[in-house]
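To start, the structure itself, in structure tokens.
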Amino acid sequence: MSAQVKESGAVRRQISRASRLVVKVGSSSLTTPQGILDAERLRTLADALAERRLSGHQVVLVSSGAIAAGIVPLGLAQRPRDLATQQAAASVGQGALVAAYTAAFGEHGLTVGQILLAAGDLNRSDHYVNARRAIVRLLRLGVLPVVNENDAVATDEIRFGDNDRLAALVAHLIGAEALVLLTDTDALYDGPPQEAGSRRIRSIADDEDLVGVRIGGSGSAVGTGGMVTKIEAARIATGAGIPTLLAGAVQVTEALRGDDLGTLFLPRGARPTSKRLWLAHASEPEGRLVLDEGAVEALCTGRASLLPAGVVAVEGAFAQGAPVELVDRNRVPVARGLVAFSSDELPRLLGRSTRWLGEVLGPQYARDVVNRDYLVLL
């Protein structure tokens, strides 16, 4: 038996015992092919999660489905493509979706609490912290939080990836011990699942295990998330030390039990701080700093701070303290960080040593452009 197989078994047991768990379900797993909210599918999911919650574990459900749930009440033939109609469908459908969850979990004596998040709630550090406090407080009150993106007011974020990335961020946000991504495909395969000869991939340790795997990109007619967004979500979570299981929604009970099904993404590395994870995956860069070769090497190999001498160009308009992207001369992203100077101040500092800046411009300029404590490599 290989080391990876042994580790996979241990990690599956870890998921089955996780005291705090995030489960994400996509639109297509909650609706019929026509886009109608499927009460039986939703009830099956609620029954499995209620069993887990009543056994003493904390569960957060990240659920898509608001837009899909609004399709039929609005008399639409299919998922709308234009933003305004998507927002209208979400506005109508969100109430129906939460009412269905309230009834399904209520049969088990459980209370659900709705949390709607827009990308801006995670892009800003203070909102990020407040979102964490709200979810954790609900858990401590015995409530099962149901999280969804606020599609009714979102703009470009309405195509956030069918909540896959949001689920990974929430998992880190609340210190979850595992993330389960439920979909209408029972696992990741090395080719199209319907194609003869395609094999289930049982576990993924790193990106090398994905070499040669053909992965589709688009979602279903009622959802927006394809397999690509789920792999990206798994990368975020496992990079934060959180094991992630991709499994079919119809197998939710078996998945939570730790059975050998789906595709398991093994955790990599230590859990980063909330600040670093926010910088890497939730912040929206307001500008870019172009670095010379020496600065890139110092950041990547020496874990150094970014000094003015290593910056060759400033792109975009931003204030002091804003998140910015650090790129090499070819505009390849290297890192993100919180910048200590505004875009108005920086140009006259480029290429200068901190000693020169302190002597000529004053001691307030003798500091890092991005301190390593507020920097994360990509």
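Going by the working numbering, the sequence shown opens with residue 10, and the numbers climb by one from there.
Note that CB positions come from ideal geometry on N, CA and C, so glycine has one too.
These numbers were taken from a predicted model, which means no experiment stands behind them.
Check your understanding: Using a Cβ-Cβ cut-off of 6 angstroms (strictly less than) and excluding sequence neighbours within five positions of Pro154, which residues of its own chain qualify?
Key -> Looking up residue 154 in the sequence shown gives position 145. If we look at Pro154 and ignore the five residues flanking it on each side, its Cβ neighbours are Val69, Gly122, Ile124, Ile144, Leu147.
Practice item. For Leu359, I'd like the list of residues in its chain whose CB is within less than 7 angstroms of its CB, leaving aside the five on either flank, ordered along the chain. Key: Start at 1 with the first residue of the sequence shown, and residue 359 comes out as number 350. For Leu359, where only same-chain residues beyond five positions count, the Cβ hits under 7 angstroms are Pro317, Val320, Val321.
Practice item. Please name the residue in Gly325, Asp377, Glu334 whose C-alpha comes closest to that of Ser349. Key: If you number the sequence shown from 1, residue 349 lands on position 340. Note that residue 349 is Ala in the sequence shown here, rather than Ser. Of the candidates Gly325, Asp377, Glu334, the one whose C-alpha sits nearest the C-alpha of Ala349 is Asp377.
Practice item. Put Ile80 into one of helix, strand or coil per three-state DSSP. Key: On the sequence shown, residue 80 is found 71 positions in, with the first residue counted as 1. Three-state DSSP puts Ile80 in a helix.
**Study point:** Asn159 to Gly104 span [Cα, whole Å]
**Key:** Within the sequence shown, residue 159 is the residue found at index 150, counting from 1. Within the sequence shown, residue 104 is the residue found at index 95, counting from 1. The alpha-carbon atoms of Asn159 and Gly104 are separated by roughly 12 angstroms.
Practice item. Count the C-beta pairs between the segment 29 to 42 and the segment 179 to 197 that are closer than 8 angstroms, then say yes if the count reaches three, no if not. Key: yes
Point to revise | Cα-Cα separation between Arg52 and Leu387, rounded to whole angstroms | key: Within the sequence shown, residue 52 is the residue found at index 43, counting from 1. Within the sequence shown, residue 387 is the residue found at index 378, counting from 1. The straight-line gap from Cα to Cα measures roughly 40 angstroms.
Practice item. For the beta strand (DSSP E) holding Val121, just list the boundary residues, first then last. Key: As a position in the sequence shown, residue 121 is number 112, starting the count at 1. Val121 -> beta strand (DSSP E) spans 121 to 126.
**Study point:** For Ile245, three-class secondary structure by DSSP
**Key:** Within the sequence shown, the letter at position 236 stands for residue 245. The answer is helix: DSSP assigns Ile245 an H, G or I state.
Review point. Since Ser351 contacts Phe327 with CB under 8 angstroms, what's their CB separation in whole angstroms?
Key: One-based indexing of the sequence shown puts residue 351 at position 342. One-based indexing of the sequence shown puts residue 327 at position 318. Rounded, the Cβ-Cβ distance is 7 angstroms, consistent with contact.
Review point. DSSP three-state call for Arg61: helix, strand or coil?
Key: Position 52 of the sequence shown, counting from 1, holds the residue named residue 61. Residue state, collapsed to three classes: helix.
Check your understanding: Does the Cβ-Cβ distance between Ala77 and Gly118 come in under 9 angstroms?
Key -> The residue you call residue 77 lines up with position 68 of the sequence shown. The residue you call residue 118 lines up with position 109 of the sequence shown. It is not a contact, given that the beta carbons lie outside the stated cut-off.
Point to revise | Distance between Val107 and Ser72 (C-alpha atoms, nearest Å) | key: For this step, residue 72 is matched to residue 63 along the sequence shown. For this step, residue 107 is matched to residue 98 along the sequence shown. Whole-angstrom Cα-Cα distance: 10 angstroms.
Practice item. Just the C-alpha distance for Gly18 and Asp173, rounded to the nearest angstrom, thanks. Key: One-based indexing of the sequence shown puts residue 18 at position 9. One-based indexing of the sequence shown puts residue 173 at position 164. Those two C-alpha atoms are separated by around 24 angstroms.
Review point. Cβ atoms of Pro332 and Glu2: under 9 angstroms apart, would you say?
Key: Lying outside 10 to 387, the shown extent of the chain, residue 2 is not represented and no answer is given.
Review point. Is Glu186 helix, strand or coil by DSSP?
Key: Indexing the sequence shown from 1 puts residue 186 at position 177. Reduced to three states, the DSSP call for Glu186 is coil.
Check your understanding: What are the start and end residues of the alpha helix (DSSP H) that includes Ala264?
Key -> Counting from 1 along the sequence shown, the entry for residue 264 is found at position 255. Its alpha helix (DSSP H) spans residues 261 to 266.
Point to revise | Asn157 - partner residues in DSSP beta bridges | key: Here residue 157 refers to the residue found at position 148 when the sequence shown is read from its first residue. Per DSSP, Leu125.
Check your understanding: Cβ of Ser100 less than 9 angstroms from any chain D Cβ?
Key -> Note that chain D does not occur in the displayed structure, where there is just one protein chain.
Point to revise | Extent of the continuous alpha helix (DSSP H) to which Gly325 belongs | key: In the sequence shown, counting from the first residue as 1, residue 325 sits at position 316. Segment: none, Gly325 is in no alpha helix (DSSP H) and carries neither H nor E.
Review point. What's the call for Ala2, buried or exposed, on a 16-neighbour Cβ count within 10 Å?
Key: No information on residue 2 is available, as it lies outside the stretch 10 to 387 that the chain covers here.
Check your understanding: Excluding sequence positions up to five away, which residues of its chain have a Cβ less than 7 angstroms from the Cβ of Arg312?
Key -> Locating residue 312 in the sequence shown gives position 303, where the first residue counts as 1. Here the set comprises Arg381.
Point to revise | Strand pairing of Pro332, partner residues [DSSP] | key: In the sequence shown, residue 332 corresponds to position 323, counting from 1. Answer by DSSP bridge pairing, in chain order: Leu347.
**Study point:** Cβ neighbour criterion (16 or more within 10 Å) applied to Val385
**Key:** Stepping through the sequence shown from its first residue, residue 385 is reached at position 376. It counts as buried.
Review point. Among Gly79, Cys309, Glu354, Thr238, which residue has its Cα nearest to the Cα of Ala98?
Key: On the sequence shown, residue 98 is found 89 positions in, with the first residue counted as 1. Ranking the options by Cα distance to Ala98, first place goes to Gly79.
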